[in-house]
Every structure is written in structure tokens, then in C-alpha cells.
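In the working numbering, the protein residues as written are 6 to 517.
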Ligand SMILES: [Zn+2]
């Protein structure tokens, strides 16, 4: 029998050190018994059991749970610690991301070989497995339902003051994932569907299409939003485009009742941090980038690098061609430059890219986070400078406007020109102010850890759309030199592609 040190984690009970073969005389709780049984079946020796006092995983995030932290410290201090067994995932986390960023990421960074097991699942427990994620989601849903019953006894805690200065949402249906405790209540609170909303954003950030997500939810009998009878592309889209989930209040998002086409974000009245959002700014930023991307419906195409590769000679973006014949088993698809009539095999280019990619991210999580800190601080400075120079321009234009006289030659033309410039500069200023806010929110969001951690895993383990999503978030462009059969990858500084592109463009405008 293989004897290994084994650290188990349990939620309700006491510390147990079974190494000493102690029998305390108390009957073990069912959970402890199951953990011991699981350890035995895996051929492990249970060294220590961590037992949390009766805290609900739903209310306390993983970072705040005392025993989970003790377990983390214990594992980090003990070089022999190699595995954790827990009772089931609902006991570990109900907030999906917290166990990940608070426990798995910091522990696995130091001990990449640490394995996790759940007494409820066969084999190793993998946080990236969709089944595990679905189980986490359903566990969250169940505890939220229980919690909302308990909540009604404590609703004195909620600040119900109508005079807290915050704007109220105009009467309408509640967004899916939120509810009111009673008709009189002003505040909307997350309900049992909140985790479904988080799950949708999460899957979308991994490149899964609206249709695929809808099918998954429909097949799992997850209740759909009341406006929709079923999960389909449009109910998923309704959730993915709703600013409410980020904690912002928006009004007048429809141009008119007959025209449901959404206005662009600048035209919507927006109050940031208005209520408790369900998803953080990172997840929002990334899902919106995918939504706006022109290839959003082709994330599962075998051409993982579509629109990312260009020809060094002529600058043209490479096109793709699938030339695999039904008879031949070999995939002879390729990327090609239509200008130079040159081509490179798809598999060759993918292989080269993946090798380079693995080298690039081998430096680890910490240095990536440091890089991002520097980058975001540069961005903030750039935004602040741009806003200041726009303010100066606006002052000058206002002064010009004040000195214009009706008796001046070309008065009408001048007036029009100055006014339109003023309008443009004001709009630019508002835009950069909103970008600055976005960067500030993003630098506070812990989710960045999880997103960068995706780049560090073995890329072969991902599905096609997952690979595509990871390349889109991490690669700026690939330059292919057909003459020398050589290529060069330019990586992104952050996964926030839209902001990074804007900052690059602003910098280019200044230096040119
Ligand atoms: Zn070319």
C-alpha cells in the first residue's frame, strides 16, 4: 500500500490526526468517515483533518474561512503535503471563484503537483472540469435558496432607507438572478439564480458560444429567465449584455419601444457601483470583448489563429483554407497570403505557436501580475494626461467661443466649427474618464489571477474554443516571414484587449 501524507478538509466537526491511530471514542461524523474511506481507497494515510466551525460557505468567502487558511498554511509549510480530500465541493465554496483565487492558485503556485479529491467524484478533482463547475453552480443555487429563507428573519440589516441618495431602478421586471424579499422592499438581492448568471459569463469568457451555453443549461433543466420560455441564444445574450450584473444601473437602454436595438454605452445613463453586482470587472471586460469580436460565432473553428497572423512581406492578414480531402487522413489545411501567394500549414504554425506560448508563460503567475501592475499604472497616467490636455483644449475653445462676435467675417461658419470641435472634445474627455474608471476597477479585481492562470496550464488540455479564447486574450499578433520561414509572436501586456488597443493607438497618435 502506498503511504502518503494526506491532508483532508472538512466543514463541521473537529481536528483529527489519524497518524497516531487515536480513537477518541466519539463516532466520526458521516463526512469525516467518507473522507477517511476515500483516503483508504486511494491508498493514502490521513494525517490531518481540518474542520471548519459551522460557517456557511455561501456567506463567507474562502479567504475568510479560518480552517481553510490554516490548511493552506499547513500545506505550504509541509513539503510532504501532496493531496487534499474534501467532502464535496459545495462544502468548500459556493462562490465559484473564491476557492480558486484564495486557495488553489496560491497553493498550486508553490506546489504544482498538489492533487485534490472530492468524496463525491471519481478520480482527481479538477476545477477546470465543466462537470465540477456545474456541480459548484448547483450547490450555490441550493444554498442561496436556503439563505433567502433565513434572510427574511434578518432583513433588519438591509439598509432600506429611500433617502440614501442612490437612484432607484424604474419599476420593471427584476433582472434574472435578483429578487425582492417583499413588495415593499426597495433593494434587489441576488437569488438562487445568481450563480447561473456567473456561470454563463464564466463559460463565455472561455470562448463557449451563446448557443452551446444555452444547450448546456437547457439540458441541465436550469430554470430560464421569466421572459423566455427556454434557454436560447437570445436569453443568453440578454444576460451577457446586461450592465446590471456588473453592479451598474442603466436607463433608457432601448432607443424606443418599437426598436429594441441597444444604444451604445455612452448614450446610456450609467451609475457605477449602484448595487451588488454578480460578476467582477475583469470577467465583464473579457466577455464584452468576445461579444464585440467579429469572429465571435467561429470560436470553435480549427483555425485557432484566424486574424492573428499577418505576412511580414506585405502586411496582409493571412487567410485560411481547409484542404483536407475526405480520403486522406492528413489535415492539409493552411494559412496563406493572397498577395504573395505563399502558404504555411495550419498544424505547423499551430505547433510553433503553442511551443512559443508555453515558453512565454513559464515565468509564472507572480511576474505576470507584477507586469500588469506596471502596465495599468502607465495606462492610468496616460489617461490622466489625455484628460488634462482635453480639458485645456476645451478651455481654449470656450474662450474662442466667447470672443466670437456676430459682426465677424464668417461668423456662422466659425461658430459652427468651434461648437462642433467643443462637442467632440467633451465627448472624448468623457470617454477617457470612463476608461480611467475601467482601469481602476480592473486593477482591483482579483479575477485577473484566474485569467492569467489559464495561460499557464497545458494548452493541449483545452478544447478548441478554449484555446481560441486564450490566444485572443494573450496574443497581439503573429508576424510570419515566408522568405525565411520564420515567425515572431507579439504578446499582449494584459487580457484587456480593448483597453490595451486604445492605449496603443493613443500612444501611436502622440508619437507620430
Ligand atoms: Zn504577403
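Glycine included, every Cβ here is placed at the ideal spot set by N, Cα and C.
When every heavy atom of ligand 1 is checked, does at least one fall within less than 7 angstroms of the C-beta of residue i?
i           : result
residue 321 : yes
residue 247 : no
residue 486 : no
residue 344 : yes
residue 490 : no
residue 398 : no
residue 316 : yes
Contact check, residue i vs residue j under 8 angstroms by CB: the rounded distance?
i           : j           : result
residue 435 : residue 501 : At roughly 20 angstroms, the Cβ-Cβ gap does not stay under 8 angstroms, so residue 435 and residue 501 are not in contact.
residue 245 : residue 207 : No, residue 245 and residue 207 are not in contact; Cβ-Cβ is about 11 angstroms, not under 8 angstroms.
residue 4   : residue 195 : The requested residue 4 is not part of the displayed model; the chain covers only 6 to 517.
residue 513 : residue 317 : Actually they are not in contact, since the Cβ atoms of residue 513 and residue 317 sit about 20 angstroms apart, beyond 8 angstroms.
residue 204 : residue 342 : The pair is not a contact, with the Cβ atoms about 41 angstroms apart (cut-off 8 angstroms).
residue 313 : residue 482 : 6 angstroms
residue 112 : residue 80  : 6 angstroms
residue 336 : residue 351 : 7 angstroms
residue 370 : residue 458 : 6 angstroms
Which residue comes first and which comes last in the alpha helix (DSSP H) that contains residue i?
i           : result
residue 118 : That residue, residue 118, is in no alpha helix (DSSP H); it is neither H nor E in DSSP.
residue 223 : 215-224
residue 406 : 370-408
residue 281 : No alpha helix (DSSP H) contains residue 281, which DSSP labels as neither H nor E.
residue 109 : Run containing residue 109: none; DSSP gives neither H nor E here.
residue 436 : 416-449
residue 201 : 199-210
residue 458 : 452-461
residue 71  : 71-82
residue 357 : 351-365
How far does the beta strand (DSSP E) with residue i in it extend, from its first residue to its last?
i           : result
residue 491 : 491-496
residue 52  : 50-56
residue 484 : 480-486
residue 91  : 88-91
At a Cβ threshold of 8 angstroms, is residue i touching chain C?
i           : result
residue 253 : The structure shown contains no chain C; it holds only a single protein chain.
Enumerate, from N- to C-terminal direction, the unbroken beta strand (DSSP E) stretches of 3 or more residues contained entirely within the stretch 295-347.
314-316, 324-326 and 339-342
Determine contact between the stretch 419-433 and the stretch 449-469, defined as no fewer than three beta-carbon pairs at a distance below 8 angstroms.
no
Does the structure place the stretch 467-483 close enough to the stretch 298-317 that three or more beta carbon pairs sit under 8 angstroms?
yes
If contact is defined by three or more beta carbon pairs under 8 angstroms, each pair taking one atom from either stretch, is the stretch 356-372 in contact with the stretch 487-501?
yes
Taking one C-beta from the stretch 455-464 and one from the stretch 389-403 each time, how about it: are there three or more such pairs within less than 8 angstroms?
no
Contact between the stretch 369-379 and the stretch 311-328: three or more CB pairs below 8 angstroms?
no
Stretch pair the stretch 110-123 + the stretch 83-91: three plus CB contacts closer than 8 angstroms:
yes
Secondary structure, beta strand (DSSP E): runs of 3+ residues fully inside the stretch 229-257:
254-256
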